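Peer 1: Just passing along the structure, written as structure tokens.
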């Protein structure tokens with residue numbers, strides 16, 4: 001159905017993620033040069049060749065979904081960064097082969113990023129977060145869920161360099177504490193981890209069956 005279409009601006013492959021391969025996708029990408037939004041999330045049978053094709057053909061790409069695409073590697077992501085400089089959002093959740101060098105390269109090339117997910121990748125460290133913070137000053141949303149090696153230092157850098165940040169996810173980032181999150185909370189950044197006192201109150205309510213009154217303003 002898509003093989004003769006040459007005017008697509010958006011392409012989502014989620015409904016065919018369990019069977020689509022490079023063979024089916026490459027011709028579609030090659031003749032649709034105006035794609036601005038591509039979602040390949042969960043497409044386990046694709047390879048790096050599809051991402052390289054997107055980077056070479058879709059120079060106006062703004063939004064890219066690659067969640068759970070474990071075939072994404074440094075080479076293909078660097079190709080994307082080199083050719084799609086106007087990228088505004090990218091979801092790299094569970095792209096576990098990616099390391100700091102690839103993310104830092106992306107951050108230095110795609111300065112217009114507003115939304116980035118690096119969730120569920122134990123390779124990601126403060127180096128990636130700091131490079132993103134210093135280069136992507138328009139960043140609004142950052143997902144670091146499960147990035148076990150991220151620490152307070154990079155979160156403080158994020159607070160310093162990203163004034164437009166609206167949402168930060170750091171659940172299961174055990175080395176990120178309230179000392180780095182508090183300045184962001186004071187700016188009304190939405191954070192998916194509750195403050196320690198609030199968590200304690202929730203646990204107490206579960207035990208007692210009611211919420212005791214405590215003045216949080218003290």
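Numbering (full-length UniProt numbering), first residue to last: 1 to 218.
Ideal Cβ placement from N, Cα and C applies to all residues, glycine included.
Since this is a predicted model, take the numbers as computed values, not measurements.
#1: For residue 185, count the other beta carbons within 10 Å of its own beta carbon; 16 or more makes it buried, fewer makes it exposed. Which is it?
#2: If the criterion is Cβ atoms closer than 9 Å, does the pair residue 76 and residue 55 meet it?
#3: Between which two residues does the alpha helix (DSSP H) harbouring residue 134 extend?
#4: Count the other CB atoms within 10 Å of the CB of residue 200; is the residue buried (16 or more) or exposed (fewer)?
#5: Where does residue 83 sit, in a helix, a strand or coil, going by DSSP?
#6: Exposed or buried, which one is residue 160 when buried takes at least 16 other CB atoms within 10 Å?
#7: For residue 39, which three-state DSSP category applies?
#8: What's the C-alpha gap between residue 218 and residue 152?
#9: Considering only their Cβ atoms, is the gap separating residue 66 from residue 37 smaller than 9 Å?
#10: Measuring straight from C-alpha to C-alpha, what distance separates residue 116 and residue 29?
#11: What's the C-alpha gap between residue 102 and residue 92?
#12: If you compare alpha carbons, which of 22, 145, 113, 148 is closest to residue 136?
#13: What residue range does the beta strand (DSSP E) around residue 65 cover?
#14: Apart from the five residues just before and just after residue 126, which ones in its own chain have a Cβ nearer than 7 Å to its Cβ?
#15: Would you kindly work out how many angstroms separate the C-alpha atoms of residue 64 and residue 43, rounded to a whole number?
#16: Under the assumption that residue 20 contacts residue 13 (Cβ atoms under 8 Å), give the Cβ distance between them as a whole number of angstroms.
Peer 2: According to the structure shown:
#1: Along the chain shown, read from residue 1 onward, the residue named residue 185 stands at position 185. Per the 10 Å Cβ criterion, exposed.
#2: In the chain shown, counting from the first residue as 1, residue 76 sits at position 76. In the chain shown, counting from the first residue as 1, residue 55 sits at position 55. Judged by beta-carbon spacing, residue 55 lies within the 9 Å limit of residue 76, meaning their Cβ atoms are closer than that value.
#3: Here residue 134 corresponds to residue number 134 of the chain shown, with the count starting at 1. Note, residue 134: alpha helix (DSSP H), 126-135.
#4: In the chain shown, residue 200 corresponds to position 200, counting from 1. The predicted model places residue 200 with a pLDDT of 46, which falls under 50 and marks its position as unreliable, so this point remains unresolved.
#5: As a first step, residue 83 is located in the chain shown; it is residue number 83 there, counting from the start. Reduced to three states, the DSSP call for residue 83 is helix.
#6: Counting from one through the chain shown, the residue named residue 160 turns up at place 160. Exposed is the label assigned to residue 160, since fewer than 16 other Cβ atoms lie within 10 Å of its Cβ.
#7: One-based indexing of the chain shown puts residue 39 at position 39. Strand, per DSSP.
#8: For the purposes of this step, residue 218 is taken as residue 218 along the chain shown, with counting starting at 1. For the purposes of this step, residue 152 is taken as residue 152 along the chain shown, with counting starting at 1. Confidence at residue 218 is low in this model, with a pLDDT of 43, below 50, so the placement of that residue should be treated as unreliable; the coordinate-derived value is given next. Distance between the alpha carbons of residue 218 and residue 152: 25 Å.
#9: In the chain shown, residue 37 corresponds to position 37, counting from 1. In the chain shown, residue 66 corresponds to position 66, counting from 1. With respect to the 9 Å criterion, residue 37 and residue 66 are not classified as neighbours on the basis of their beta carbons.
#10: Start at 1 with the first residue of the chain shown, and residue 116 comes out as number 116. Start at 1 with the first residue of the chain shown, and residue 29 comes out as number 29. So the alpha carbons of these two residues sit roughly 23 Å apart.
#11: Position 102 of the chain shown, counted from the start, is the residue given in the question as residue 102. Position 92 of the chain shown, counted from the start, is the residue given in the question as residue 92. Each residue's Cα considered, the two are about 11 Å apart.
#12: Counting from one through the chain shown, the residue named residue 136 turns up at place 136. Closest option to residue 136, Cα to Cα, is 113.
#13: Residue 65 sits at position 65 when you count from the first residue of the chain shown. First-last of the beta strand (DSSP E) with residue 65: 63-65.
#14: By one-based count along the chain shown, residue 126 stands at place 126. Non-local beta-carbon contacts of residue 126 in its own chain, meaning distances under 7 Å to residues more than five positions away in sequence, involve 150, 151, 153, 154 in chain order.
#15: In the chain shown, counting from the first residue as 1, residue 64 sits at position 64. In the chain shown, counting from the first residue as 1, residue 43 sits at position 43. For the pair residue 64 and residue 43, the Cα-to-Cα distance works out to about 13 Å.
#16: In the chain shown, counting from the first residue as 1, residue 20 sits at position 20. In the chain shown, counting from the first residue as 1, residue 13 sits at position 13. The distance from the Cβ of residue 20 to that of residue 13 is about 6 Å, consistent with a contact at the 8 Å cut-off.
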